[in-house]
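Taking it in order: structure first as structure tokens, then the write-up.
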Amino acid sequence: MSLAQAFSPIAVRTLNRGGRILQRAGIVTPDLRQETLVAAAKHRARLEEFGRWPIEEPLDRLLSAYEREAELTTLGRITVRQLLVTLLENLLYLEQERQSAPEIEQQTIDAPVFIIGLPRTGTTLLHGLIAQDPATRTPLTWEVMFPAGYPESPDAINRIRKRTDSRLAWANRLVPAFRRIHTLAADLPQECIAIMAQGFASIQFHTTHNVPSYQDWFELEAQELGYAFHYRFLQHLQARRAGNRWVLKAPGHLFGLDALLQRYPDARIIQTHRDPLKVMASIASLATVLRRAFSDSADPKQIAADWCNRWETALSRSLDIRDRWPAERFFDIAYADLVAEPLTAVERLYEFLGWPLSSQAR
Numbered sequence: 026m027s028l029a030q031a032f033s034p035i036a037v038r039t040l041n042r043g044g045r046i047l048q049r050a051g052i053v054t055p056d057l058r059q060e061t062l063v064a065a066a067k068h069r070a071r072l073e074e075f076g077r078w079p080i081e082e083p084l085d086r087l088l089s090a091y092e093r094e095a096e097l098t099t100l101g102r103i104t105v106r107q108l109l110v111t112l113l114e115n116l117l118y119l120e121q122e123r124q125s126a127p128e129i130e131q132q133t134i135d136a137p138v139f140i141i142g143l144p145r146t147g148t149t150l151l152h153g154l155i156a157q158d159p160a161t162r163t164p165l166t167w168e169v170m171f172p173a174g175y176p177e178s179p180d181a182i183n184r185i186r187k188r189t190d191s192r193l194a195w196a197n198r199l200v201p202a203f204r205r206i207h208t209l210a211a212d213l214p215q216e217c218i219a220i221m222a223q224g225f226a227s228i229q230f231h232t233t234h235n236v237p238s239y240q241d242w243f244e245l246e247a248q249e250l251g252y253a254f255h256y257r258f259l260q261h262l263q264a265r266r267a268g269n270r271w272v273l274k275a276p277g278h279l280f281g282l283d284a285l286l287q288r289y290p291d292a293r294i295i296q297t298h299r300d301p302l303k304v305m306a307s308i309a310s311l312a313t314v315l316r317r318a319f320s321d322s323a324d325p326k327q328i329a330a331d332w333c334n335r336w337e338t339a340l341s342r343s344l345d346i347r348d349r350w351p352a353e354r355f356f357d358i359a360y361a362d363l364v365a366e367p368l369t370a371v372e373r374l375y376e377f378l379g380w381p382l383s384s385q386a387r
């Protein structure tokens with residue numbers, strides 16, 4: 026059976042209908058218990074050690090929210106299980122790599138640049154523009170999706186790229202409307218929420234599924250955890266492919282700007298700006314599109330109210346945090362200027378950073 030046949034609308038409806046019948050009979054499938062997911066990841070990776078990384082609490086918070094709040098369809102449960110097992114598998118590979126290569130621990134992430142701002146304010150555009158400069162280092166989608174567990178050789182990396190594109194094609198089949206909102210490809214820069222999701226501390230989960238209790242915990246209690254993992258992850262990427270001009274991006278950094286600056290005290294912050302009234306509808310639309318693929322209970326009005334409140338709070342808090350740090354650490358770009366004159370905006374940014382803009386980069 027082809028991918029298109031497996032996830033055709035008829036096949037999905039049949040699968041979800043069968044799952045509802047089983048649930049009424051008291052049978053919930055697939056199993057989303059932590060011990061089952063961990064066992065599956067260990068079996069697939071043929072590894073046992075997660076090392077010192079604390080997965081129990083974040084994973085327990087997330088799984089509890091999935092069971093109590095997300096109202097997942099059978100397809101939703103299948104995709105969540107696949108995602109979580111893959112993330113756990115990656116953690117096993119990362120730990121194996123860290124144990125076998127002590128130099129990873131010695132990597133330092135110096136003076137990284139973070140692009141932040143509300144969603145739909147040009148963060149992706151700006152990140153993509155800067156990524157064209159060969160002198161910069163951005164995390165690419167393929168290396169975030171599969172950060173370890175394969176040899177460092179051109180053939181192996183090409184296989185990982187193809188595997189990444191296959192996974193993305195599968196995701197686009199599940200949520201065809203998403204690719205019209207946000208483009209993903211193996212060799213495009215990936216944002217930090219996907220990195221932090223590998224440590225189970227990210228806004229990615231509540232964006233894709235309705236897990237508000239997990240998101241509350243993440244916002245209030247898990248920021249330091251998230252950025253500790255973020256740093257460790259970049260150490261792995263840098264050990265594999267060196268780069269001394271890290272440029273990173275995620276709107277979600279607004280939720281944890283203080284923790285980000287504590288973890289990266291020499292970071293510089295680029296913040297994009299646009300009228301919030303023009304972006305909130307788009308933010309709610311994105312979450313609705315994603316959630317409807319995995320739940321029959323996605324309410325656009327509830328989603329809009331929830332995310333508007335969260336982003337308003339995050340933006341306000343981030344501005345307060347900025348007031349406590351030296352102004353020269355921050356640079357602001359208006360969305361209108363970025364869209365109208367992208368090269369001019371990048372030239373101004375490079376001048377702020379003190380970076381030369383080479384003819385090759387232009």
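Under this note's numbering, the first residue of the sequence shown carries the number 26, and numbering increases by one thereafter.
Think of the CB as a built atom: it goes at the ideal place given N, C-alpha and C, for glycine as much as any other residue.
Ignore the nearest five residues each way along the sequence and tell me which others in residue i's own chain have a CB closer than 7 Å to its CB.
i: Met170; result: Thr189 and Arg192
i: Leu286; result: Ala292 and Trp350
i: Phe355; result: Ile294, Gln296 and Arg347
i: Arg49; result: Confidence in Arg49 is poor, its pLDDT being 49 and thus under 50, which makes the residue's placement too unreliable to answer from.
i: Glu168; result: Leu262
i: Glu73; result: Lys67
i: Asp357; result: Gln296 and His298
Looking at the structure shown, is residue i part of a helix, part of a strand, or coil, going by DSSP?
i: Phe377; result: helix
i: Gly359; result: First, the amino acid is wrong: residue 359 is Ala here, not Gly. Note: Ala359 maps to strand in three-state DSSP.
i: Leu382; result: coil
i: Trp336; result: helix
i: Val138; result: strand
i: Ser320; result: strand
i: Ala156; result: helix
i: Tyr252; result: helix
i: Ser178; result: coil
i: Leu109; result: helix
i: Trp350; result: coil
Starting from the Cα of residue i, find the closest Cα among the options and give me that residue.
i: Ile294; options: Met305, Leu282 and Tyr252; result: Leu282
i: Val138; options: Ala90, Pro164 and Trp271; result: Trp271
i: Leu279; options: Ser238, Cys217 and Leu262; result: Cys217
i: Ala95; options: Arg288, Tyr175, Pro79 and Phe230; result: Phe230
i: His207; options: Gln131, Gly153 and Leu378; result: Gly153
i: Ala247; options: Ala202, Ala196, Ala222 and Thr233; result: Ala222
i: Gln107; options: Pro83, Val304, Ala196 and Pro127; result: Ala196
i: Phe209; options: Gly224, Pro164, Phe225 and Pro237; result: A quick correction: the sequence has Leu, not Phe, at residue 209. That would be Pro164, whose Cα lies nearest to the Cα of Leu209.
i: Ala359; options: Arg145, Arg387, Gln240 and Ser384; result: Arg145
i: Gly268; options: Pro159, Trp380, Ile80 and Ser384; result: Pro159
i: Leu378; options: Arg335, Glu353 and Ser384; result: Glu353
i: Gln215; options: Pro172, Gln121 and Leu199; result: Pro172
i: Gly101; options: Leu382, Thr111, Leu57 and Gly142; result: Leu57
i: Gln121; options: Gly76, Ala90 and Thr133; result: Gly76
i: Asp135; options: Glu376, Glu366, Ala339 and Pro290; result: Pro290
Going by beta carbon distance, what residues of the same chain come within less than 6 Å of residue i, once the five residues before and after it are set aside?
i: Glu114; result: Ala66, Arg69 and Ala70
i: Gln240; result: His231
Within 10 Å of its beta-carbon, does residue i have 16 or more other beta-carbons around it, so buried, or fewer, so exposed?
i: Ala211; result: buried
i: Ser307; result: exposed
i: Lys274; result: buried
i: Glu60; result: exposed
i: Ser125; result: exposed
i: Thr104; result: buried
i: Ser227; result: buried
i: Ala312; result: buried
i: Glu81; result: exposed
i: Thr233; result: buried
i: Ala284; result: buried
i: Ser343; result: buried
i: Asn334; result: exposed
i: Leu88; result: buried
i: Thr166; result: buried
i: Ala119; result: For clarity, residue 119 is Leu in the given sequence; the question names Ala instead. Buried, since its Cβ has 16 or more Cβ neighbours within 10 Å.
Looking only at its own chain, which residues have a Cβ that is under 8 Å from the Cβ of residue i, when we skip the five neighbours before and after it?
i: Leu363; result: Gly147, Leu150, Leu151, Thr297 and Ala370
i: Arg417; result: Because residue 417 is not part of the residues shown, which for the chain are 26 to 387, the question remains open.
i: Gly129; result: First, the residue type needs correcting, since residue 129 is Ile and not Gly in the sequence shown. Excluding positions up to five away in sequence, the list reads Glu122, Arg123, Gln260, His261 and Ala264.
i: Glu92; result: Leu57
Going by DSSP, what residues sit across from residue i in a beta bridge?
i: Pro214; result: Leu165
i: His298; result: Ala359
i: Lys67; result: Its beta-bridge partners do not exist; DSSP assigns none.
i: Arg293; result: Val138
i: Leu279; result: DSSP, once it has assigned bridges, lists no residue as partnering Leu279.
i: Lys274; result: Ile140
i: Leu97; result: Ser320
Hey, is residue i close to the ligand HEM, as in C-beta under 6 Å from one of its heavy atoms?
i: Phe243; result: Absence of the ligand HEM is noted for the structure shown, with no ligands found whatsoever.
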